[in-house]
Each structure stands twice: as structure tokens, then as C-alpha cells.
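Chains A and B, in that order, are what the protein sequence lines are. Positions 295 to 758 (the working numbering) are the ones given, in order, by the first sequence. Positions 295 to 758 (the working numbering) are the ones given, in order, by the second sequence.
2 protein chains.
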Amino acid sequence: MKKIILFSLLISTISNIQAQNDTDAFKIKDIYSETLTKSQAYPWLYSLTTNIGGRISGSPEAMAAVEYTRQMLDTLGLDSVWIQPCYVPHWERGDKEQARIVNSKTMGTVDLTILALGNSVGTGNNGITAEVIEVQSLDEVEALGREKIKGKIVFFNRPADITQVNTFAAYGGAVDQRVHGPAIAANFGAVGAIIRSATTSLDDIPHTGVTVDSRYNKGIKEIPSIGVSTIDADLLSRILKQEKSVNLYFRTTCAMMGDKLSYNVIGEIKGSELPNEIILVGGHLDSWDVGQGAHDDGTGVVHAMATLQMMKVMNYQPKRTIRCVLFMNEENGQQGSTAYAKASNKNNEFHLAAIESDKGGFTPRGFGCEADSDVFPERFAKFKKFEELLSPYGLDLSKGGSGADISRLKSQKGLLIGLIPDSQRYFDVHHTASDNIENVNKRELDMGVAAIFSLVYLIDQYGL
Amino acid sequence: MKKIILFSLLISTISNIQAQNDTDAFKIKDIYSETLTKSQAYPWLYSLTTNIGGRISGSPEAMAAVEYTRQMLDTLGLDSVWIQPCYVPHWERGDKEQARIVNSKTMGTVDLTILALGNSVGTGNNGITAEVIEVQSLDEVEALGREKIKGKIVFFNRPADITQVNTFAAYGGAVDQRVHGPAIAANFGAVGAIIRSATTSLDDIPHTGVTVDSRYNKGIKEIPSIGVSTIDADLLSRILKQEKSVNLYFRTTCAMMGDKLSYNVIGEIKGSELPNEIILVGGHLDSWDVGQGAHDDGTGVVHAMATLQMMKVMNYQPKRTIRCVLFMNEENGQQGSTAYAKASNKNNEFHLAAIESDKGGFTPRGFGCEADSDVFPERFAKFKKFEELLSPYGLDLSKGGSGADISRLKSQKGLLIGLIPDSQRYFDVHHTASDNIENVNKRELDMGVAAIFSLVYLIDQYGL
Numbered sequence: 295m296k297k298i299i300l301f302s303l304l305i306s307t308i309s310n311i312q313a314q315n316d317t318d319a320f321k322i323k324d325i326y327s328e329t330l331t332k333s334q335a336y337p338w339l340y341s342l343t344t345n346i347g348g349r350i351s352g353s354p355e356a357m358a359a360v361e362y363t364r365q366m367l368d369t370l371g372l373d374s375v376w377i378q379p380c381y382v383p384h385w386e387r388g389d390k391e392q393a394r395i396v397n398s399k400t401m402g403t404v405d406l407t408i409l410a411l412g413n414s415v416g417t418g419n420n421g422i423t424a425e426v427i428e429v430q431s432l433d434e435v436e437a438l439g440r441e442k443i444k445g446k447i448v449f450f451n452r453p454a455d456i457t458q459v460n461t462f463a464a465y466g467g468a469v470d471q472r473v474h475g476p477a478i479a480a481n482f483g484a485v486g487a488i489i490r491s492a493t494t495s496l497d498d499i500p501h502t503g504v505t506v507d508s509r510y511n512k513g514i515k516e517i518p519s520i521g522v523s524t525i526d527a528d529l530l531s532r533i534l535k536q537e538k539s540v541n542l543y544f545r546t547t548c549a550m551m552g553d554k555l556s557y558n559v560i561g562e563i564k565g566s567e568l569p570n571e572i573i574l575v576g577g578h579l580d581s582w583d584v585g586q587g588a589h590d591d592g593t594g595v596v597h598a599m600a601t602l603q604m605m606k607v608m609n610y611q612p613k614r615t616i617r618c619v620l621f622m623n624e625e626n627g628q629q630g631s632t633a634y635a636k637a638s639n640k641n642n643e644f645h646l647a648a649i650e651s652d653k654g655g656f657t658p659r660g661f662g663c664e665a666d667s668d669v670f671p672e673r674f675a676k677f678k679k680f681e682e683l684l685s686p687y688g689l690d691l692s693k694g695g696s697g698a699d700i701s702r703l704k705s706q707k708g709l710l711i712g713l714i715p716d717s718q719r720y721f722d723v724h725h726t727a728s729d730n731i732e733n734v735n736k737r738e739l740d741m742g743v744a745a746i747f748s749l750v751y752l753i754d755q756y757g758l
Numbered sequence: 295m296k297k298i299i300l301f302s303l304l305i306s307t308i309s310n311i312q313a314q315n316d317t318d319a320f321k322i323k324d325i326y327s328e329t330l331t332k333s334q335a336y337p338w339l340y341s342l343t344t345n346i347g348g349r350i351s352g353s354p355e356a357m358a359a360v361e362y363t364r365q366m367l368d369t370l371g372l373d374s375v376w377i378q379p380c381y382v383p384h385w386e387r388g389d390k391e392q393a394r395i396v397n398s399k400t401m402g403t404v405d406l407t408i409l410a411l412g413n414s415v416g417t418g419n420n421g422i423t424a425e426v427i428e429v430q431s432l433d434e435v436e437a438l439g440r441e442k443i444k445g446k447i448v449f450f451n452r453p454a455d456i457t458q459v460n461t462f463a464a465y466g467g468a469v470d471q472r473v474h475g476p477a478i479a480a481n482f483g484a485v486g487a488i489i490r491s492a493t494t495s496l497d498d499i500p501h502t503g504v505t506v507d508s509r510y511n512k513g514i515k516e517i518p519s520i521g522v523s524t525i526d527a528d529l530l531s532r533i534l535k536q537e538k539s540v541n542l543y544f545r546t547t548c549a550m551m552g553d554k555l556s557y558n559v560i561g562e563i564k565g566s567e568l569p570n571e572i573i574l575v576g577g578h579l580d581s582w583d584v585g586q587g588a589h590d591d592g593t594g595v596v597h598a599m600a601t602l603q604m605m606k607v608m609n610y611q612p613k614r615t616i617r618c619v620l621f622m623n624e625e626n627g628q629q630g631s632t633a634y635a636k637a638s639n640k641n642n643e644f645h646l647a648a649i650e651s652d653k654g655g656f657t658p659r660g661f662g663c664e665a666d667s668d669v670f671p672e673r674f675a676k677f678k679k680f681e682e683l684l685s686p687y688g689l690d691l692s693k694g695g696s697g698a699d700i701s702r703l704k705s706q707k708g709l710l711i712g713l714i715p716d717s718q719r720y721f722d723v724h725h726t727a728s729d730n731i732e733n734v735n736k737r738e739l740d741m742g743v744a745a746i747f748s749l750v751y752l753i754d755q756y757g758l
């Protein structure tokens, strides 16, 4: 008898699990169907990119983006929408940059396609002219030493490793040159730096992106720094190999202006059962000034907004609080996410999960996650169980990085999750004048919304 | 003692398996690294699309494509390169098509963006004008019957189901209207047919594609047939809802010309150990006349060619015979694959595997396969074992369709395999004037070559 009861219980549990799985599978199918037909992500992105355009922190465009997204969230009937102040650095590019190889013996004078690096100082009105020295790494600058570097323009030319299938790994292996190269070069007496664009493409498109001052030695003045297209980097390198000495002229009038007041934009649906457990979905509002900031990170912004929009469309009342956070100043300071985490910690908030989309709006391939090591094994095990329901949509759940803005929430011991879209095309447009709406596909974008909503649904239903 | 020996044997077997797995993993990593840096796929595709362009069967461009690809294969040092004759239908589009709604009460006269359907007859010089009747399916034509259909232009307007995550499923659910709609309409007395483009995108781009004569009743004359953009299909449908009767004029001067002599292009590397076991890699050389036939199927052509190129680059001597087959006339007759299969069967050839790429040059997501039911379970089980080595590259191995050209080899009882690229963008360009090189990404294309070569490598090493 006992056996029969146990057996019945087992059967009933299995049936319940099966029924629940079927319900969830059906719900996720619904989420995809509704999102692919009713998502506002693309029209919102169209406005953000074409009416507003590039929106570097502190710019009028960044403020317009704050106001536009706040208003759009206001149309959704959320429980609350607010803006959260933060002071952001404001860097301006100034005049169109110029760079040319001067009086090469074999090629004469050759213009190069460049962009000033974000947060870089300018050359001043007259530009600078100096001999170029090519290096492959930060270490090589140190090895060459002050004698070889002093008075020169250092040319960092290590390419991204295009044999990496994950292009973020390729980018990650090269971008130290842009971030820290100018500082290291300056420490050894360089007067300027020119950096090969960190991209998987060989083309004539220069990439901007931030360079930081954290490694300048005390008393060392910042030096002007530019990014050069990969084709022109190859050209410059070829000429350097042929000729003993090559002089480069470049002129940039970029400068850091005073800090400006700006805002994160936030909207949320309050949880009906566990309102104190927050599930955050986010992207960053600011972008570089060249291009329209479409994939970086307009797509992340509208992924997050449309997740809440689709909850409303589908009349989904979450158990936990679902919060859309559009961070300001990810690109050159991360003052938005710093302010957000500070306020959140002060208010003793708990983010059970935070999902960031900042790797483009391409077909989603899955989610990566990380957490404080105390809680990671347990949370990852629960997260991984969702894979069965998500893999029919081409989504893998893996360990790995999450995102720059949400990483500041790690101490709250929730799970930090990054959307992983297909990465093959991302670095063709990343930080360039080509990061435009034309390079975003509506279906691929909406698939990202559906993927995020599906994951939020599962976390909301089952916790982590 | 016996136990120890058995145990040692077991350990040694496990070590061997592990070592072999490591070797294979290393080899596949190599294939990806070399392909991403040395593949000729993109430059070949660039020539095929921009120097030659659209290459409908029987056209001078199709012949130029035969000659170009034959010459390129000739540069690779293969064991043999040849062309295989076949007679192909030759359809010509004629003058730029015109279509307009005539004297609508609410809209006046409105031009529609259309393309004649492939293999369709034309309207004659004066065009046709008739009342339009909208239907959602072939069945609805039958249900309406002769009285309602006679003398009308039948407007097939069932949209592709964009909620399908796999866009090929969405396309497959709508394309019967284009393939058989005109014949069914004609059987009930229609004078013309206009078909909503089978695409997942709402835009102003009309799609062509074949319509076939197999369902015309005996004695029924073929009727002129056109495809209309989804935006204009919606417009026409709206006007039809508002007004009792709407007249449509359209003019096409397309026509079937006489059959022409054409060719498949074939190149192979002879196997060193099992030369009679053929592993085929293929795509189709012909395309539609609008656009450049980039994704359909220029990418499949260069996937196949570059697989053999990379074998030569890497000095890979296959055990089995690896054959690249570029089929003629996939789009509107499949005479190339018919001739190939006929000759192959006559020569008692055995294709252990055939891999077709005809779903675009986007990031590969895996391979699907099918086979004669006698051999499928065993072959699929062996095939599925390769997944462990391929999944780090984002590739899933599944049951499912293979490809139109290789399906004719089923009776040889090998495994028929189709490359499955990401499908989200494919039907934006499929059979349209937008199917151009600009919509192909070099890295995504090369990832396809690497995926195919990796699979060929594993089949060549381990059989099926």
C-alpha cells in the first residue's frame, strides 16, 4: 500500500513537472509569437538613431535620449518611471581630425583615416609632427625604453586575432593598446599615440573608444591619441618597414569639458508576491558621437524597454519586480551605473538577477552569467535548468561575463547575466560611423527581446 | 591477472579515444584558424556577384559563371576538374513589369511594385486588366469555384507566419501560393494571378521565384503571374476591403525560350584509401535574374569551392574522394542535379555523404540531415557523435531536410546533409533585387566554409 502511495505520488509529481514544463514551453512560444508581431523595439530604435543619433555623455543628444526614452516608458502604464541623476564627463571631438604621413620617400604625403580616441586630449591648433615608432604591445614600449620612445609618436599595431570564433575574445586581446597604450607611451616620453583599430575587419573605417588616464605616471602630461583604420595601419606599417624614418602629422582639437548633470532612465513593474526581489533588464543610453549608436547600445536600450512593453501587451503580472534601467555614460566613465549601484545599496535593494544587453542586436545565441563566488554554484545550477526550455530558440546558457554596468551590483549576490548575440558582425561597426540603423535587422532585434523576456519569465516564476 | 589486463586495455582504449578527440579538436581549431585567414570564398563571391551578377539558367551570365568557377577550381591543383552537360529551360523576364490599380474610388490609380514569377508566361504587349479577387489559400479558390473566379485576377495574400523562429518554416507555409496558385486559379477560369511575396519582412521589395505548371488541368492555358511586395499586398487588400470592386492592370513580357545547353561544374580530390566513397559538397550556380544571386546561392557555391581550396592550403590528403559540385538550374528546373544523379547512378557511384549549402551565407548554426530509412538510424547515430567536436563552434547536428539538388542521390543510401545558417535575414533578400554582395558578411561566410570543412574532415576520418 505504502509503495502504491509512493508510486502514485511519484507519478503525480512527474506529471506535475511535465505539465509545468508544457505550460512554460507554451508560454515561451507565446512570448516569441507576440514579440515578433508586436514589439516596439525597432520603431523606438529608429527614432533613437535617426531623430537623435550619436549621444555621447553630456551632449544635447544624450539629454534628448533621456527625455525620449522616459516619455516612451511613460506610455506603457508601468508602476513607476523616473530619472536618476549622475554627473558625467563631457568630452567633445572638436574639428574633423586630420592625420598624414609627411614626405615619405616612397609614397610622398599620404592621408590616413583616423578618429581621436574618446577622453583624449587634443594636439592643439597646430597639430603635432613627429617620427613614428611601431610596437606590438605595451610591454614592447617598456622594453624599448625612454631613449627610443622619447619625442616619438608610438604606433600600436597588434591586430585583433581574427581566428577567434568569439569576436569579443579577439577584441579583448587587442583593446589594451587603446585603453592603456597612450599612458604607457607617455610615461616613456612619447608625444602622441596612434592605435590600430580593434576590429575583426580589414577596412578603411577608423574606430574610436575610450582611452584612460589611470596608468599615467605622476606628473606626466596626457598625450593626444588617435585610432586608425586597419587598412591604413597596414599601409603605415609597410612604409615603416621600407623606410628608416617616417614622420606623421596629426591634428585633433578634442577636449574634456566640465562634468555635466545627466540621468539614468528607469521604469518598473512592481512584483505582486516578492516585490523586493528585483530582476533588472538594462542597456546604456549614451553612445559614441560618430555613427548613431545603433548596436552600441541602442539595441540594448530597446531590448530592455520592449521587454517591459511586451509584459504589458501580454498582461503579464510578475511576482517579482521587473525593472528596466537605461544607464548613462557606459562608454567613457560609467558614472550612471556607479550612481545606480550606490543608490541601490543605500536603499538595501536586492537584485536577484540583472540582465544586460550590450553586445549588439544580432540573433541571440544565449546568455552568460557570473556572480559572487558564495552564491554562484547554486544560482548557476538553477539558471542552467532553464536551458531545456530555451534551447529550442537557439539559446545556450553558460558561465562567463555579464556586462560593465550591472557588474557593480555583484555585492548584492544576485546573478549577473549578459545577453550573447551572434558576434560575427559586431566589430565591423563598433565605435564607428557605421554603427547605424541600416545595420540592424528588425527580426534579429526582436528575437533579442523575446529571449530576454523568456528568461525574465522563468526567473520570475522559479527564482534562482 | 585477467582483470588487470582487461582494466589496462580499457584504460588504454579510453586514453586512445581521448587522444584522438584531442587531435580532432586541434585539427578543427586549425581548420577554423586557417579558413578565417586564408579562405578565398569572399573574393570569389565578389567576382561572381559584381563581375557576373544575376545568372538565370540559359543566360550569358550563367555561362560566364560556369567558366569562371571552372577556371577558379583549375587554379587549386585538384585531381580533376570537369563540366557536365545538361539542357536547361531558359526563361526571360523581358521588359520591366508594370502593375497598377486602375481607377480605385478612394485611391485613384496606384502603381504596385511587382516582379513576374519565374517560368510564367507574359501578358502580351497590351497587358491585362481585370477585377481582383483576394484569397488566402489554394483551397479557397476551389471553394469559391468557377463562377467567382472566372475572368478575374486572383490575389493570393496569405502572409508568411512571422512568428516562426525558423524563417524557412514561415516561407514553407506560404510558398505553395506562388508555386501552385496560378495553376489552380487558371483551372477555375482566372486570367492572371498576383501573389504576396513569401517573406518575413514588411517592405516594398517584390520577390520572384518559380511557379510551376504541374497542376494545370489538361487543356488549360497558363496564365500570367506576378509577385507583389508585402506593403503593396497590404495596400491592395485594404482597398479591396473598402471598395466593392477593384480593377488591376498588369503587363509582363516574360517568356520561356527554347532549352539551352548548360553545365554543372565539378572538381575533386581523389581519396587515398577509399576513393570510391564520395563526400560531395555543393551549391547551385544559377540564380534569379534580379539581384546578384549572392546568398542564393553564390555563398553556397563559394562554400563548396573554398572547402576544397582550404584542403589544398592545409595540405590535407583525404582518405575518401571529396567532390565539389556546382549545380546548374536549381531555381527553375533542377536539370543540373537530375543530370548529375543520372550519371552518378549509371557509373555505380556511391556518395557516402552529400552536403549542400543553399540557405544563405550567414553564421552557421549547424547541419540537418536525412537518408533512406534503411540506413538512417545507423548513419545518424554516427553523425551525431561529431556534435561534441563541433558544438564549441556553435554547430548543432539534427535530423531534418538537406537540399533540393542532393536529394536526388537518396537512392545511393548515403547521408544527405544541409548546412543550416542563421535564417533571420535570409528572406529579406531571397529572390529579390537586394540579394547582393553588400548583404554578405565576410566572416559569416568564412565560418560556413570552416563548418563544412570540419564536418567533411570528420566524415572523411571516421565514415558514417
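Here a beta-carbon is modelled for each residue, glycine too, at the ideal position from N, C-alpha and C. Remember, predicted model here, so these are calculated numbers, not experimental data.
query                                                                                                                                   : result
Where the beta strand (DSSP E) containing Gly-654 (chain A) begins and where it ends                                                    : Element bounds for Gly-654 (chain A): n/a, residue is neither H nor E.
Exposure of Trp-376 (chain B), with buried meaning 16 or more beta-carbon neighbours within 10 Å                                        : exposed
Classification of Thr-768 (chain A) by the beta-carbon crowding that lies within 10 angstroms, buried from 16 upward                    : Examination of residue 768 (chain A) is not possible in this model, given that chain A is present from 295 through 758 alone.
8 Å Cβ cut-off: residues of chain A touching Arg-719 (chain B)                                                                          : Asn-735, Arg-737 and Glu-738
Sequence-distant residues of the same chain with beta carbon closer than 7 Å to Pro-715 (chain A), five excluded per side               : Lys-653, Gly-654, Gly-655, Phe-656, Thr-657, Pro-658, Arg-659 and Gly-742
is_contact[Ser-327 (chain A), chain B] using C-beta, thresh 8 Å                                                                         : yes
Asp-666 (chain A) (DSSP reduced to helix, strand or coil)                                                                               : coil
Length at least 4, wholly inside the stretch 417-502 of chain B: the alpha helix (DSSP H) runs in chain order                           : 432-443, 461-466 and 470-481
Delimiting residues of the alpha helix (DSSP H) encompassing His-597 (chain B)                                                          : 593-607
Beta-carbon contacts of Asp-729 (chain A) that lie in its chain and below 7 Å, excluding the five residues immediately before and after : Gly-585, Gln-586, Gly-587, Ala-588, His-589, Asp-590 and Val-723
Under 7 Å (Cβ pairs) to chain B, residues found in the stretch 318-346 of chain A                                                       : Tyr-326, Ser-327, Leu-330 and Thr-331
Nearest-angstrom Cα separation, counted from Gly-662 (chain B) out to Ala-359 (chain B)                                                 : 28 Å
Contact set between Arg-659 (chain A) and chain B, taken where Cβ atoms lie within less than 7 Å                                        : Gly-688
Chain A contact residues for Thr-457 (chain B), given Cβ-Cβ distances below 7 Å                                                         : Tyr-326, Ser-327, Leu-330 and Thr-331
Straight-line Cα distance separating Arg-364 (chain B) from Gly-712 (chain B)                                                           : 23 Å
Beta carbon of Gly-577 (chain B) nearer than 8 Å to that of Val-382 (chain B)                                                           : no
Pairwise C-alpha distance: Leu-620 (chain A) and Gln-611 (chain A)                                                                      : 22 Å
Simplified DSSP assignment, three categories, for Asn-642 (chain A)                                                                     : coil
Cβ-Cβ distance between Leu-709 (chain B) and Leu-758 (chain B) below 8 Å                                                                : yes
Beta carbon proximity, Thr-547 (chain A) to chain B, threshold 8 Å                                                                      : no
Contact list for Asp-590 (chain B) against chain A, beta-carbon separation under 8 Å                                                    : Chain A residues near Asp-590 (chain B): none, gap ~17 Å exceeds 8 Å.
Below-8 Å beta-carbon distance, Asp-716 (chain B) vs any chain A residue                                                                : yes
Leu-703 (chain A) and Ala-635 (chain A) closer than 8 Å at C-beta                                                                       : yes
Where the beta strand (DSSP E) through Glu-562 (chain B) begins and ends                                                                : 549-563
Per-residue contacts from Met-741 (chain B) into chain A (C-beta, under 7 Å)                                                            : Gln-718
In DSSP terms, what Phe-661 (chain A) is bridged to                                                                                     : A:Leu-691 and A:Leu-713
Collapsed DSSP secondary structure at Asn-541 (chain B) in the structure displayed                                                      : strand
Pick from A:Asn-397, A:Leu-496 and A:Glu-643 that is closest to Leu-574 (chain A), judged by C-alpha positions                          : A:Glu-643
CA-to-CA distance, Ala-479 (chain A) to Lys-512 (chain A), given in whole angstroms                                                     : 14 Å
Range of the contiguous alpha helix (DSSP H) that encloses Phe-621 (chain B)                                                            : Taken as a continuous stretch (DSSP letters only), Phe-621 (chain B) belongs to no alpha helix (DSSP H), being part of the beta strand (DSSP E) at 614-621.
Residues, ordered as in the chain, of the stretch 481-506 of chain B that lie near chain A by beta-carbon distance below 8 Å            : Thr-494 and Ser-495
Lys-764 (chain A) classed as buried or exposed, judged by whether at least 16 other C-beta atoms fall within 10 angstroms               : Here chain A has residues from 295 to 758 only, and residue 764 (chain A) is not among them.
Sub-8 Å separation of Leu-409 (chain B) and Gly-521 (chain B) beta-carbons                                                              : yes
C-beta atoms of Trp-385 (chain B) and Asn-413 (chain B) nearer than 8 Å                                                                 : yes
Cut-off 8 Å between Cβ atoms - residues of its own chain near Val-607 (chain B), not counting five sequence neighbours on either side   : Glu-328 and Lys-332
DSSP bridge partner residues for Arg-394 (chain A) (one or two, in chain order)                                                         : A:Asp-405 and A:Tyr-543
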